[in-house]
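A.B. asks:
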Amino acid sequence: MAKFDKIAVLNKIGSTGMVPVFYHKDAEVAKKVVKACYDGGVRAFEFTNRGDFAHEVFAEVVKFAAKECPEMAMGVGSIVDPATAALYLQLGANFIVGPLFNPEIAKICNRRLVAYTPGCGSVSEVGFAQEVGCDLCKVFPGDVLGPKLVKGLLAPMPWSKLMVTGGVEPTQENLTSWIKAGVFCVGMGSKLFPKDKVAAEDWAYVTEKCKEALGYIAEARK
């Protein structure tokens, strides 16, 4: 069962403005990355459902986070069907994210007051997702669609909460462009966790990058 409900999760995501996106087949590595992000100020983390037995890794990481990172809302990404969403909800996922919009996933998440953030590539998709209760929609892939889509969508639909994922970089220029366009938050993956830094177990780098990125977001919001 989710430790934090939909409202709590959206507040965590909204207050910080960033959700790290990460997958690793080694649970010990994943735990260290989550802790490094937590130390950097992150309060919502998306573990992607990518490799074989990813759910087993997630189960371990959730238990670890509950003890070592008590305020961290652990969510899961790359979810495209309701059965997989249900599996992760049983393991304690606090939010579900997908690369696409599947209304059947919304039903499963709504039943338990868990936030479902679907990937949307058009204004119509965001509209359909909102109709079935998706409070936060993901603009994906962000680097293809660009900040102009966000700005254009918010003009007629100013109530929309949008998370952009895909190609987001932890630089002041990139983060400022998205925040100024009007996104609720950003999802950031590989740019926050360079493979060489993970391989070298340079967790201090990850913590500092998180602090830096959150600082740029806070500055851009002023």
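Mapping to my numbering: the sequence shown position 201 is 1291, numbers consecutive.
From the three backbone atoms N, C-alpha and C, an ideal C-beta is built for every residue, glycine too.
(1) I need the boundaries of the alpha helix (DSSP H) containing cysteine 1224, first residue and last residue.
(2) Secondary structure at tyrosine 1128, three-state DSSP: helix, strand or coil?
(3) Of all the options Leu1244, Asn1101, Pro1260 and Asp1116, which has the alpha carbon lying nearest to the alpha carbon of proline 1110?
(4) Going by C-alpha to C-alpha distance, which of Asn1139, Asp1233 and Asp1225 sits closest to aspartate 1171?
(5) Once DSSP output is grouped into helix, strand and coil, what is the label at isoleucine 1186?
(6) Is the region 1261-1271 in contact with the region 1092-1099, if contact means three or more CB pairs nearer than 8 angstroms?
(7) Can you check whether the CB of valine 1147 is closer than 9 angstroms to the CB of histidine 1114?
(8) Please work out which residues of its chain come closer than 8 angstroms, Cβ to Cβ, to glycine 1272, disregarding the five sequence neighbours upstream and downstream, and give them in chain order.
(9) Assess contact between the region 1283-1295 and the region 1121-1131, defined as three or more Cβ pairs (one per stretch) separated by less than 8 angstroms. Is contact present?
(10) Quick check on the DSSP output: the beta strand (DSSP E) that includes alanine 1196 runs from which residue to which?
(11) Would you mind reading off the limits of the alpha helix (DSSP H) that contains leucine 1252?
(12) Assuming the contact rule is C-beta atoms closer than 8 angstroms, glycine 1165 and isoleucine 1186 should be a hit. Round their C-beta distance to whole Å, please.
(13) Does the separation of the CB atoms of glycine 1182 and lysine 1228 fall below 9 angstroms?
(14) Return the CA-CA distance between leucine 1190 and glutamate 1161, expressed in angstroms with no decimal places.
(15) From alanine 1329 to phenylalanine 1137, what distance separates their C-alpha atoms?
(16) Can you tell me the Cβ-Cβ gap for aspartate 1233 and glycine 1257, rounded? I've got them flagged as a contact below 8 angstroms.
(17) Are the CB atoms of arginine 1133 and serine 1168 within a distance shorter than 9 angstroms?
(18) Return the bridge partner residues of glutamate 1136 from the DSSP annotation.
(19) On a CA-only basis, which of Leu1226, Gly1141, Glu1221 and Gly1130 is nearest leucine 1100? Give me that one, please.
(20) With 16 other CB atoms within 10 Å as the buried threshold, where does glycine 1107 fall?
C.D. replies: Result, derived from the coordinates:
(1) Premise fails: cysteine 1224 is in no alpha helix (DSSP H) and is neither H nor E.
(2) helix
(3) Residue Pro1260 is the option with its Cα nearest to proline 1110.
(4) Asn1139
(5) It is a strand residue.
(6) no
(7) yes
(8) Val1240, Lys1241, Leu1244 and Leu1252
(9) At 8 angstroms Cβ cutoff, the stretches touch.
(10) From DSSP, alanine 1196 is part of no beta strand (DSSP E) but of the alpha helix (DSSP H) over 1193-1201.
(11) Looking at the DSSP string, leucine 1252 is not in any alpha helix (DSSP H); the run it does join, the beta strand (DSSP E), is 1251-1255.
(12) 7 angstroms
(13) no
(14) 28 angstroms
(15) This structure cannot speak to residue 1329, because the chain is shown only from 1091 to 1312.
(16) 3 angstroms
(17) no
(18) Val1111 and Gly1165
(19) Leu1226
(20) buried
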